[in-house]
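Quick mapping for you: the protein sequence lines, in order, are chains A and B.
If you read the first sequence in our numbering, its first letter stands for residue 1, the second for the next number, and so on.
If you read the second sequence in our numbering, its first letter stands for residue 1001, the second for the next number, and so on.
Written out below as structure tokens is the structure these notes cover.
2 protein chains.
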Amino acid sequence: MRIGVFDSGVGGLTVLRAIRDSFPNVDLVYLGDTARVPYGTRSPETVVRYSVECADFLAEKGIDLLVVACNTASSYAMDVLKERLRIPVLGVVEPGVKEAVKLTKGKVGVIGTQATIRSGTYQRLLESFGLEVFAKACPLFVPLVEEGLTEGDVVERVVEMYLSELKEAGVDTLILGCTHYPLLKGAIRNFMGDVQIVDSSEAVASALKGEVTDEGKGTTELYFTDRYQNLEKMVELIMGERMRTLPAGIGSQ
Amino acid sequence: MRIGVFDSGVGGLTVLRAIRDSFPNVDLVYLGDTARVPYGTRSPETVVRYSVECADFLAEKGIDLLVVACNTASSYAMDVLKERLRIPVLGVVEPGVKEAVKLTKGKVGVIGTQATIRSGTYQRLLESFGLEVFAKACPLFVPLVEEGLTEGDVVERVVEMYLSELKEAGVDTLILGCTHYPLLKGAIRNFMGDVQIVDSSEAVASALKGEVTDEGKGTTELYFTDRYQNLEKMVELIMGERMRTLPAGIGSQ
């Protein structure tokens, strides 16, 4: 079985790794749109257009199932992608919400990019389960992680700036609604104290258990639309090993 | 006379405003590549490709002179753009350096995006004047400004984190090598104390004085490749008035 995974950049590799941990034998194809990251500050129309281009690229690689690892893309493009592709398409929002529903006592927080939070996709889905929802956009988290800053004074200040209101609201469960955020889990846990943290990457791997047969050659192909400066370092940081990275041409003229 | 100005996003509007202040009658056409901002984290090849697309778009609008307001693009793409276009092309690096040479007693600091600093363009040019140069990439400054954070605790911490070594080195002049940074000038000045600050946007307007005749209808056209969430607010913040913004299709398929 051949599974395609795309994200706006490298963050989705956390999802890829969780899938690999659960399914050692499937063949994985990853596309990171590093030439146009981040998606979280773009308009809905542009997010959908970029998502379609990424999905088409992976579809041409002969995948049997598509995982949309980017929360922003999952918030805006699922309907379009499901209609366009003739294979199962799974986003990160639904698995994260299901996990939160299992864990919470009633008050759920969700954090993500501006676009993800503004879409209201998480909020609507969580509220449909009768939960009280507190949502907060944290636009500096992605640049912090991309800069390699995951702890220390600056990180603590930024975490406090964004999460104070969720802490005061008394959320008992917090969804990390962006694939970069698991890398800040330590700082977030330190500040938030005793809350359940939902990491979508693990939730996605669990959600795949009904859909995926663990068969294949266990290959991993990584494509990126741009080979930027910290790329190899970020890939190693997340995947824990040197990976072969291939260029891709999406968005080029 | 019709002057084209492009930048990776909204930051170049600081340059546009400085040009308008000096030349009330010229016609100005601005392109902000908000669908692909930031350029400062991309590879040199991608920066050049995006720059060429922006320049071509403006060339089709019938401009007589092109200003590359983006420091990253000015660091990598000037040779290609000068060869490609049949009109004068001016970047922001050279005017900023000339201004610094006038002001400094010998120790110059330059700050910019990762790509700008890594290109070494500022450093080479400054060193050719026999100056001692201290360069530092400040990748969180752009996200801070885009988030509307230009003062306060978090900004002060980040400024301290990046600029401590330049302060300790005793630079007497600091070039703001990114069009977003003038919006952090207050915080930078507070931390750095008694240094001369070179704002490229003003330096560019001065450099144009030999090249530009102040004739035209005084029109301003603004194009953006994506209409993202804070766009109108940022345009107002920088231009100080409501401007008509038009969509553009660069990078679309």
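C-beta atoms are modelled at their ideal positions from N, C-alpha and C, and glycine is treated no differently.
Fair warning: this is a prediction, and the values are worked out from it, not measured in the lab.
### Query
Of the residues that make up the region 79-112 of chain A, which ones have a beta carbon closer than 7 Å to any beta carbon in chain B?
Those would be none; no residue qualifies.
### Message
Tell me which residues share the same chain as A:Gln-253 and place their Cβ nearer than 8 Å to its Cβ, disregarding the 5 neighbours each side in the sequence.
### Response
Low confidence applies here, because A:Gln-253 scores a pLDDT of 31, under 50, leaving its location unreliable; read the following figure in that light. Closer than 8 Å at Cβ, skipping near neighbours: no residue.
### Any C-beta of chain B under 8 Å from that of A:Pro-182
No, because no Cβ of chain B sits closer than 8 Å to the Cβ of A:Pro-182.
### Query
Who are the neighbours of A:Val-158 on chain B, taking C-beta pairs under 8 Å?
Contacts between A:Val-158 and chain B, judged by CB atoms closer than 8 Å, involve Val-1154 in chain order.
### Query
Where does B:Ile-1063 fall in DSSP's three states?
Looking at B:Ile-1063 - three-state DSSP - the assignment turns out to be coil, as it is neither helix nor strand.
### Query
How about B:Met-1192: is its C-beta nearer than 8 Å to some C-beta of chain A?
Closer than 8 Å: no.
### Task
Assign B:Phe-1141 to one of two classes, buried (16 or more other C-beta atoms within 10 Å of its C-beta) or exposed (fewer than that).
When all chains shown are included, B:Phe-1141 counts as buried.
### A:Leu-246 classed as buried or exposed, judged by whether at least 16 other C-beta atoms fall within 10 angstroms
Classification for A:Leu-246: exposed.
#### Entry: Uninterrupted alpha helix (DSSP H) stretches inside the region 18-100 of chain A (no shorter than 4 residues)
Correct list: 44-59, 71-76, 78-84.
### Message
Let me confirm a value: B:Arg-1049 is counted as buried when at least 16 other C-beta atoms fall within 10 Å, else exposed. Which label applies?
### Response
B:Arg-1049 is buried by the Cβ-count criterion.
### Query
How many whole angstroms separate the CB atoms of A:Ile-19 and A:Leu-208, which I take to be in contact at a CB cut-off of 8 Å?
Yes, they are in contact, since the Cβ atoms of A:Ile-19 and A:Leu-208 sit about 7 Å apart, within 8 Å.
### Task
Out of B:Thr-1041, B:Glu-1127, B:Glu-1147, point me to the one whose CA is closest to A:Ala-35's CA.
Just measuring C-alpha positions, the residue of B:Thr-1041, B:Glu-1127, B:Glu-1147 sitting nearest A:Ala-35 is B:Thr-1041.
### Query
Measuring CA to CA, which of A:Leu-237, A:Val-204, A:Lys-233, A:Gly-112 is closest to A:Asp-21?
Comparing Cα-Cα distances from A:Asp-21 to each of A:Leu-237, A:Val-204, A:Lys-233, A:Gly-112, the minimum goes to A:Val-204.
### Query
In or out: B:Ala-1248 buried (at least 16 other Cβ within 10 Å) or exposed?
Answer is buried; the Cβ neighbour count reaches 16.
### Task
Spell out whether any CB of chain B is found under 8 Å from the CB atom of A:Thr-72.
Under the Cβ distance rule, A:Thr-72 does not count among the residues neighbouring chain B, no pair being separated by less than 8 Å.
### Query
Taking 8 Å as the CB-CB cut-off, is A:Glu-232 touching chain B?
For A:Glu-232, the answer is no, since every Cβ of chain B falls outside 8 Å of its Cβ.
### Message
Cβ closer than 7 Å: which chain A residues qualify as neighbours of B:Asp-1226?
### Response
What B:Asp-1226 touches in chain A: Arg-42, Ser-43, Thr-46.
### Message
The beta strand (DSSP E) that contains B:Gly-1186, what's its start and end?
### Response
Careful: B:Gly-1186 lies outside any beta strand (DSSP E), inside the alpha helix (DSSP H) at 1185-1192.
### Query
Nearest to A:Val-29 by alpha carbon, out of A:Val-108, A:Leu-65, A:Ile-197?
Looking at the Cα atoms, A:Leu-65 is the closest of the given residues.
### Message
Please tell me whether B:Arg-1189 has its Cβ less than 8 Å away from any Cβ of chain A.
### Response
Cβ-Cβ to chain A under 8 Å: no for B:Arg-1189.
### Query
Looking at the structure shown, is A:Ser-252 part of a helix, part of a strand, or coil, going by DSSP?
In this prediction, A:Ser-252 has a pLDDT of 40, which is less than 50 and means its spatial position is unreliable; what the coordinates show is noted afterwards. In the structure shown, A:Ser-252 sits in coil (DSSP, three-state: anything other than H, G, I, E or B).
### Query
What is the DSSP secondary structure of A:Asp-7, counted as helix, strand or coil?
Correct three-state label for A:Asp-7: strand.
#### Entry: Coarse secondary structure for B:Ser-1200, derived from DSSP in three states
B:Ser-1200 falls in the helix class under three-state DSSP.
### Task
Note down, in chain order, every chain A residue with its Cβ under 7 Å from the Cβ of B:Arg-1036.
Within chain A, the residues placing a beta-carbon under 7 Å from that of B:Arg-1036 are Arg-36, ordered along the chain.
### Task
Find the nearest neighbour of B:Ala-1039 within the set B:Val-1052, B:Thr-1072, B:Gly-1012, judged by alpha-carbon distance.
This sequence places Tyr at residue 1039 of chain B; Ala is not what is there. The residue with the shortest Cα to Cα distance from B:Tyr-1039 is B:Thr-1072.
### Query
A:Leu-140 versus chain B: which residues are under 9 Å apart at the beta carbon?
Within chain B, the residues near A:Leu-140 are Leu-1140, Pro-1143, Leu-1144, Glu-1147, Leu-1149, Val-1154.
### Message
What would DSSP say about A:Phe-129, mapped onto helix, strand or coil?
### Response
In the three-state reduction of the DSSP assignment, A:Phe-129 falls in the coil class, being assigned neither a helical nor a strand state.
### Query
By Cβ distance below 8 Å, which residues in the same chain neighbour B:Glu-1325 in space, the five residues on each side in sequence not counted?
This structure leaves residue 1325 of chain B out entirely; chain B is present only between 1001 and 1253.
### Query
So is B:Ala-1115 buried or exposed if we call it buried at 16+ other beta carbons inside 10 Å?
In summary, B:Ala-1115 is buried, with 16 or more beta-carbon neighbours lying within 10 Å of its beta-carbon over all protein chains present.
### Query
What does B:Met-1001 touch in chain A if you count any residue whose Cβ is under 8 Å from its own?
Within chain A, no residue comes near B:Met-1001; the closest Cβ sits about 29 Å away, beyond 8 Å.
### Task
May I ask which residues mark the beginning and end of the beta strand (DSSP E) holding A:Leu-208?
Counting along the chain, no beta strand (DSSP E) covers A:Leu-208, and no H or E run does either.
### Task
Measure the C-alpha to C-alpha separation of A:Pro-95 and B:Pro-1143 and round it to an integer number of angstroms.
Computed Cα separation, rounded: 29 Å.
### C-alpha gap between A:Pro-139 and A:Glu-146, whole angstroms
So the alpha carbons of these two residues sit roughly 12 Å apart.
### Query
Quick one: what does DSSP say A:Val-235 is sitting in, helix, strand or coil?
Looking at A:Val-235 - three-state DSSP - the assignment turns out to be helix.
### Query
How would you list, in chain order, the residues of chain A whose beta-carbon sits under 7 Å from the beta-carbon of B:Met-1161?
Result: Val-154.
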